Amino acid sequence: MATMATQTPNLPQPRLGVPSRNPLPLSASQESQVRDIYYARVRKLCADEIKAFADCALGRTFSVSFACKAENHAMNACMVQHATQEQQDKAREDWFALRMERQKQRERKAKMAAAQEEFMRDWWGLPEEVRLSRQKEMEKRGETIPPARRDAGSK
1 MATMATQTPN LPQPRLGVPS RNPLPLSASQ ESQVRDIYYA RVRKLCADEI
51 KAFADCALGR TFSVSFACKA ENHAMNACMV QHATQEQQDK AREDWFALRM
101 ERQKQRERKA KMAAAQEEFM RDWWGLPEEV RLSRQKEMEK RGETIPPARR
151 DAGSK
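Everything in the sequence shown is counted per my numbering, starting at 1 for the first residue and increasing by one.
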């Protein structure tokens, strides 16, 4: 007799963007980023209702609550309908899916900052005759040097 496991074909399991169903808690700033993704997702789903309410409320102050009651109820109903745990889970998956891209951006920024710091150290830390010779080489190549640097080197 064949067992139940051999009778059912192996179906591919959907891969989640999060490491596990119950990932470690995120820091407060990370949770804030997830909430921003979540709110943007819900606002996008209810964009028409939000725009209708905003158009109705434009130029009104006190009368908004009763003049735009229908638009307000439609907007709130849409938000309640789409502001679900499922949308929060999707936002969290999006956040985890983009974490490698954010890491690469941080690395690029750090590399650029290190290169700029090294340039500043080389430029300002060299003896004056070497700095002036490099300045002349740069001018020959057509590169311009800001006046503050040129004045500082000629004094």
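Cβ coordinates follow ideal geometry from the N, Cα and C atoms, glycine included.
Because the structure is a prediction, the values reported are computed rather than measured.
Within the continuous alpha helix (DSSP H) that includes residue i, where are the two ends?
| i | result |
| --- | --- |
| arginine 92 | 85-97 |
Please say whether residue j and residue i have beta carbons closer to each other than 8 Å?
| i | j | result |
| --- | --- | --- |
| isoleucine 37 | arginine 43 | no |
| alanine 74 | cysteine 56 | no |
| leucine 45 | histidine 82 | yes |
| glutamate 31 | alanine 52 | no |
Using C-beta distances below 8 Å, list every residue in its chain close to residue i, excluding the 5 sequence neighbours before and after it, in chain order.
| i | result |
| --- | --- |
| valine 34 | Leu26, Gln88, Ala91, Arg92, Trp95 |
| arginine 102 | none |
Skipping 5 residues on each side, what residues in its chain have a beta carbon closer than 6 Å to that of residue i?
| i | result |
| --- | --- |
| cysteine 78 | Cys46, Glu49 |
Just to confirm my understanding: we take residue i, look at its own chain, exclude 5 residues before and 5 after, and list those with CB closer than 7 Å. What are they?
| i | result |
| --- | --- |
| lysine 155 | Annotation note: pLDDT 48 at lysine 155 (below 50); position unreliable, no value reported. |
Restricting to runs no shorter than 4 residues, where is the alpha helix (DSSP H) found entirely within the stretch 43-81?
47-57, 64-67
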